[in-house]
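Have a look at the structure below before the remarks.
2 protein chains.
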Amino acid sequence: MLDERAQDERPEEGDYELREDLFDRVEDAVARGDVVALERALEPLHPADIADLLEQLDPETRQRLVALQAGEAGEFDGEILAELDEGLREEVVEALPRAALAEAVRELETDDVVDLIEDLDEDQQEAVLEALDAPDRVAVEQSLTYPEESAGRLMQRELVAVPEHWNVGQAIDHLRAQEDLPEQFYHVILVDPAMRPTGYVTLGRLMSSARDVPLKEITEDSFRTIPVLQDEAEVAYAFNQYHLISAPVVDEAGRLVGVITIDDAVDIMEEEHEEDIMRLGGVGEGSLSDRVLATVRQRIPWLAVNLVAANIAAFVIAQFDEVIARFVALAVLMPIVASMGGNAGTQSLTVAVRSIATKDLTSANLWRVIRREALVGLVNGAVFALVMGAIGVLWFGTPMLGAVIGAAMVINLFVAGLAGVGIPVLLEKLGVDPALASGAFVTTVTDVVGFFSFLGLASLVLL
Amino acid sequence: MLDERAQDERPEEGDYELREDLFDRVEDAVARGDVVALERALEPLHPADIADLLEQLDPETRQRLVALQAGEAGEFDGEILAELDEGLREEVVEALPRAALAEAVRELETDDVVDLIEDLDEDQQEAVLEALDAPDRVAVEQSLTYPEESAGRLMQRELVAVPEHWNVGQAIDHLRAQEDLPEQFYHVILVDPAMRPTGYVTLGRLMSSARDVPLKEITEDSFRTIPVLQDEAEVAYAFNQYHLISAPVVDEAGRLVGVITIDDAVDIMEEEHEEDIMRLGGVGEGSLSDRVLATVRQRIPWLAVNLVAANIAAFVIAQFDEVIARFVALAVLMPIVASMGGNAGTQSLTVAVRSIATKDLTSANLWRVIRREALVGLVNGAVFALVMGAIGVLWFGTPMLGAVIGAAMVINLFVAGLAGVGIPVLLEKLGVDPALASGAFVTTVTDVVGFFSFLGLASLVLL
Chain A
1 MLDERAQDER
11 PEEGDYELRE
21 DLFDRVEDAV
31 ARGDVVALER
41 ALEPLHPADI
51 ADLLEQLDPE
61 TRQRLVALQA
71 GEAGEFDGEI
81 LAELDEGLRE
91 EVVEALPRAA
101 LAEAVRELET
111 DDVVDLIEDL
121 DEDQQEAVLE
131 ALDAPDRVAV
141 EQSLTYPEES
151 AGRLMQRELV
161 AVPEHWNVGQ
171 AIDHLRAQED
181 LPEQFYHVIL
191 VDPAMRPTGY
201 VTLGRLMSSA
211 RDVPLKEITE
221 DSFRTIPVLQ
231 DEAEVAYAFN
241 QYHLISAPVV
251 DEAGRLVGVI
261 TIDDAVDIME
271 EEHEEDIMRL
281 GGVGEGSLSD
291 RVLATVRQRI
301 PWLAVNLVAA
311 NIAAFVIAQF
321 DEVIARFVAL
331 AVLMPIVASM
341 GGNAGTQSLT
351 VAVRSIATKD
361 LTSANLWRVI
371 RREALVGLVN
381 GAVFALVMGA
391 IGVLWFGTPM
401 LGAVIGAAMV
411 INLFVAGLAG
421 VGIPVLLEKL
431 GVDPALASGA
441 FVTTVTDVVG
451 FFSFLGLASL
461 VLL
Chain V
1001 MLDERAQDER
1011 PEEGDYELRE
1021 DLFDRVEDAV
1031 ARGDVVALER
1041 ALEPLHPADI
1051 ADLLEQLDPE
1061 TRQRLVALQA
1071 GEAGEFDGEI
1081 LAELDEGLRE
1091 EVVEALPRAA
1101 LAEAVRELET
1111 DDVVDLIEDL
1121 DEDQQEAVLE
1131 ALDAPDRVAV
1141 EQSLTYPEES
1151 AGRLMQRELV
1161 AVPEHWNVGQ
1171 AIDHLRAQED
1181 LPEQFYHVIL
1191 VDPAMRPTGY
1201 VTLGRLMSSA
1211 RDVPLKEITE
1221 DSFRTIPVLQ
1231 DEAEVAYAFN
1241 QYHLISAPVV
1251 DEAGRLVGVI
1261 TIDDAVDIME
1271 EEHEEDIMRL
1281 GGVGEGSLSD
1291 RVLATVRQRI
1301 PWLAVNLVAA
1311 NIAAFVIAQF
1321 DEVIARFVAL
1331 AVLMPIVASM
1341 GGNAGTQSLT
1351 VAVRSIATKD
1361 LTSANLWRVI
1371 RREALVGLVN
1381 GAVFALVMGA
1391 IGVLWFGTPM
1401 LGAVIGAAMV
1411 INLFVAGLAG
1421 VGIPVLLEKL
1431 GVDPALASGA
1441 FVTTVTDVVG
1451 FFSFLGLASL
1461 VLL
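These protein sequences, in sequence, are chains A and V. Take the first sequence: its letters are residues 1 to 463, numbered as in our numbering. Take the second sequence: its letters are residues 1001 to 1463, numbered as in our numbering.
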């Protein structure tokens, strides 16, 4: 009933896509070397949109644009560098004059500089570090001592902490007396005398509480700390699971060393998404702006694994060459059994890989999930066994052929369900990312089982 | 150099996974009907973790747990309902006594109630609405007048807005005089006399500015408004792209009607990501806790589409039954060409679907991307043509067979690159989600082209 009221309306699509005429104007301005027209085209855009625009330009235009803007205007917005796809940062930094690069990185927060510098080559790293003021350089170098992909690399050092025994009035006076507060902060962190965080208070709560209320009485339940060596994927999980906006980062002794804010966590969530999808699709790393040869190199390993798998399947087929020579219909029908198994296996595996990533598949429900997937495989196998059995009979007029393909279908879809959950779980236990390798294993299993069961049954029945 | 310092350390894995002994304790307490032991086990957990635990329990234990807790303690934490997987909400609400349900929903923010109520059946919806206080009920009913998956359903009505001509001191005094401020707010929104938002000021900036500074002078550049009818996926895109923490929602006349905060946007990002992965994997909807028959029903349509595709491929093979009967090696080798094409096509399609979702693939770079994928296909085709050609010669001792499989490989991987980008782009233009349907089309193309080119060339050369 409630939904009927709204059923005629549909949500509007946004218009966040960059407009086509913008590209024309930018390409035209770059071709003519017209800095004023270029500035006019780019000026209304958010740095994130300018970065997207750079990514979508062809490499020559992109480099000329960067050189033109940095050369004439003498400056380049550091935020654009921070927003740029990792694969392009090296190229754009290369195209920037040293002075413009120095100017650009000085504008950035230290956590953005750390994120930027990770993707540059050694010379460029040195150039960026030299461009920074001494305190910022120390902060960046300190961050780089933490392992890659750890909380230590994500956090910002700019934070607001006060003694836990203070009251609201003291905290407000302290904040109002500060020269420069961090760009982004949402909580005041309470620390004990050893600088260990013990709670936090939102700015909103601080605003709305009487001056004599002790801070300890208005702390948030959501408070939790992040170990500085924690993997960034776990950090992102914690932000998502517990709806955090910011979280203090602590060293091994529990002392406050920095703060991670939700915007950094969202970036990591997006990176993890990208990685999951790309690995499931057998693409690994790589971005849309990579060149042909770089892309070839990224994809060859995955195709090579598939080639081995396909040859194993071919070897299975070769064992049945006599029966195939006598009944060519087998060659016609055998890819159907393999293909359906591959598809059903991919379904189970997608659910399993995703559930492992979201920590929804654990030892508590593993056996229930495996049983479910196997049962689903059996039922779907039976459904499509009937369909394909009928097609086999109608097409080739041999009832036995229909029975064989039906039986092989049931077997293969049952195995697909088992392998689709079992293989990712096993890989996870072995410390291999299940998104990375499950696909090749599962389709090898369903190909081999599909061909073997179909051709094997056919040999028994038809010969 | 910089990375060497840190190379020995590896980021720590977190321990956010629910512990095995917790399940034992909970199952044991439920079996014994021991409310105290159950409370003791659940008490330290965040509602999001309790929801995960409920999802991983078997259905019988889950329902007994809910009845036990709500029955004896007479209450059930509303946050757990809000955190629960959509597929389970109906079941758990069903298991709750009316009084406990009323108590649970009264604790929730109105945007969480809206999110909850969408997934319930009509009777349950009425029960939830009746449980709310009048103002909350009106707010929820109002939200439900907006289309599903629109910004209007996501936003909260609790917000802080002040006249744009005020200064810092006036804003602070106003905030401190409020009885109840929203649970979550990060900005004070400036509005003109027609209640149209014109900018916002962060609480941090407000704290650190002198009382006589006009608010207009300290507004944030990041300010942007969200149309109330905008699709939630676009809202999530805007939060991610522009690093928003909160954004005012406006009606068609530009008047302020609510606020969306980052935690809601993160939920949508996760949902969209789930949807992308599930659709790419051919699973559609569904969750890990669905029963066997529900899962069978979800997956059958995808398998049916694949069956049609596989039969088309089989029909192509059937056209070459004579040549296969004479040269059985063809039946052995033909799945390899099809499989490699399917794999390469999936690679291109994964990149394309992901790039469309992130708005990185547009008309500005479409032709460059298509050209790149086709070239990558050609080069990879050539590489694997050599490998498979050699295997063909060594295995079957026929140089011509090696040449045929090599040529078919080049053709199929080239087509795979073209189809892998072309098909998702075409579907997107037709208004179909490319994640949903591309896979079936692309593998049909690579199967048909693979079998046809290999068997067709073989017929020409070998007969």
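No residue lacks a Cβ here, since even glycine has one placed at the ideal position from N, Cα and C. From a predicted model like this one, the values you see are computed outputs, not experimental measurements.
Using the Cβ count rule (16 or more neighbours within 10 Å means buried), how would you classify residue i?
{"i": "Asp-8 of chain A", "result": "Confidence at Asp-8 of chain A is low in this model, with a pLDDT of 45, below 50, so its placement is unreliable and no value can be given for it."}
{"i": "Arg-1032 of chain V", "result": "exposed"}
{"i": "Asp-28 of chain A", "result": "exposed"}
{"i": "Asp-1276 of chain V", "result": "buried"}
{"i": "Arg-5 of chain A", "result": "Model confidence at Arg-5 of chain A stands at a pLDDT of 41, short of 50, so the residue's coordinates are unreliable; what they give is reported in the following sentence. The residue is exposed, with fewer than 16 neighbouring Cβ atoms inside 10 Å."}
{"i": "Ser-1287 of chain V", "result": "buried"}
{"i": "Asp-1003 of chain V", "result": "Interpretation of Asp-1003 of chain V is limited by its pLDDT of 43, a score under 50 that renders its predicted location unreliable; the figure taken from the coordinates is listed afterwards. Its Cβ having fewer than 16 others within 10 Å, Asp-1003 of chain V is exposed."}
{"i": "Met-1001 of chain V", "result": "With a pLDDT of 40 at Met-1001 of chain V, under the threshold of 50, the modelled position of this residue cannot be trusted, and the question is left open."}
{"i": "Glu-1285 of chain V", "result": "exposed"}
{"i": "Ser-1363 of chain V", "result": "exposed"}
{"i": "Arg-299 of chain A", "result": "buried"}
{"i": "Phe-1315 of chain V", "result": "exposed"}
{"i": "Leu-430 of chain A", "result": "exposed"}
{"i": "Val-36 of chain A", "result": "exposed"}
{"i": "Glu-373 of chain A", "result": "buried"}
{"i": "Trp-367 of chain A", "result": "exposed"}
{"i": "Val-308 of chain A", "result": "exposed"}
{"i": "Pro-47 of chain A", "result": "buried"}
{"i": "Thr-1446 of chain V", "result": "buried"}
List the endpoints of the continuous beta strand (DSSP E) containing residue i.
{"i": "His-1046 of chain V", "result": "Note, His-1046 of chain V: premise wrong, no beta strand (DSSP E); not H, not E."}
{"i": "Pro-248 of chain A", "result": "246-250"}
{"i": "His-1187 of chain V", "result": "1187-1191"}
{"i": "Ala-1161 of chain V", "result": "1161-1163"}
I want to verify the contact list: residues of chain A whose CB lies under 9 Å from the CB of residue i, in sequence order.
{"i": "Glu-1107 of chain V", "result": "Correct list: empty, because the minimum Cβ distance to chain A is about 13 Å."}
Would you list the residues sitting across from residue i in a DSSP beta bridge?
{"i": "Arg-1146 of chain V", "result": "Here the sequence assigns Tyr to residue 1146 of chain V, which means Arg is not the residue at that position. For Tyr-1146 of chain V, which the question treats as bridged, DSSP gives no partner whatsoever."}
{"i": "Pro-214 of chain A", "result": "A:Asn-167"}
{"i": "Leu-1256 of chain V", "result": "V:Val-1250"}
{"i": "Thr-1061 of chain V", "result": "Bridge partners of Thr-1061 of chain V: none, in fact."}
{"i": "Asp-1231 of chain V", "result": "V:Ser-1150"}
{"i": "Thr-295 of chain A", "result": "Answer is none; Thr-295 of chain A lacks a bridge partner."}
{"i": "Gln-184 of chain A", "result": "Answer by DSSP bridge pairing: none, since Gln-184 of chain A is not bridged."}
{"i": "Thr-261 of chain A", "result": "A:Ser-246"}
{"i": "Gln-156 of chain A", "result": "A:Val-259"}
Whose Cβ in chain V lies nearer than 7 Å to the Cβ of residue i?
{"i": "Ser-517 of chain A", "result": "The structure shown does not extend to residue 517 of chain A, since chain A is modelled only from 1 to 463, so the question has no answer here."}
{"i": "Gly-78 of chain A", "result": "None at all; the shortest Cβ gap to chain V is about 14 Å."}
{"i": "Ala-139 of chain A", "result": "None at all; the shortest Cβ gap to chain V is about 14 Å."}
Residue i versus chain V: which residues are under 9 Å apart at the beta carbon?
{"i": "Asp-360 of chain A", "result": "Asp-1052, Glu-1055, Gln-1056, Asp-1085, Ser-1287, Leu-1288 and Ser-1289"}
{"i": "Asp-321 of chain A", "result": "Val-1328, Ala-1329, Ala-1331 and Val-1332"}
Return the first residue and the last residue of the alpha helix (DSSP H) that residue i is part of.
{"i": "Pro-197 of chain A", "result": "Taken as a continuous stretch (DSSP letters only), Pro-197 of chain A belongs to no alpha helix (DSSP H), being part of the beta strand (DSSP E) at 197-202."}
{"i": "Gly-1381 of chain V", "result": "1366-1396"}
{"i": "Glu-79 of chain A", "result": "78-83"}
{"i": "Pro-424 of chain A", "result": "399-429"}
{"i": "Ala-1070 of chain V", "result": "Note, Ala-1070 of chain V: premise wrong, no alpha helix (DSSP H); not H, not E."}
{"i": "Glu-1086 of chain V", "result": "1086-1095"}
Starting from the beta carbon of residue i, find every residue of chain V whose beta carbon is closer than 8 Å, and list them in chain order.
{"i": "Trp-302 of chain A", "result": "Asn-1343 and Gln-1347"}
{"i": "Asn-380 of chain A", "result": "Val-1296, Arg-1299, Ile-1300 and Leu-1303"}
{"i": "Leu-307 of chain A", "result": "Ile-1336, Met-1340, Phe-1384, Val-1387 and Met-1388"}
What residues of chain B sit near residue i, judged by a beta carbon separation below 9 Å?
{"i": "Gln-178 of chain A", "result": "Among the protein chains of the structure shown, namely A and V, there is no chain B."}
I'd like to confirm something about residue i: is its beta-carbon nearer than 7 Å to some heavy atom of the ligand FAD, or not?
{"i": "Leu-457 of chain A", "result": "For the ligand FAD, the structure offers nothing, since it holds no ligand at all."}
In chain A, which residues lie less than 7 Å from residue i when you measure between Cβ atoms?
{"i": "Phe-1023 of chain V", "result": "Ala-364"}
Self-check item: Residues of the stretch 413-440 of chain A with Cβ closer than 8 Å to any Cβ of chain V, in chain order
Solution: none
Quiz item: Just by C-beta distance, which residues in the stretch 188-203 of chain A are closer than 7 Å to chain V?
Solution: Leu-203
Quiz item: According to a CB-to-CB cut-off of less than 8 Å, which residues of the stretch 252-283 of chain A neighbour chain V?
Solution: Ile-262, Asp-263, Val-266, Met-269, Glu-270, His-273, Glu-274, Asp-276, Ile-277, Met-278, Leu-280, Gly-281, Gly-282 and Val-283
Practice problem: Anything in the stretch 1038-1051 of chain V with a Cβ closer than 7 Å to a Cβ of chain A? List those residues in chain order, please. | Solution: His-1046 and Ala-1048
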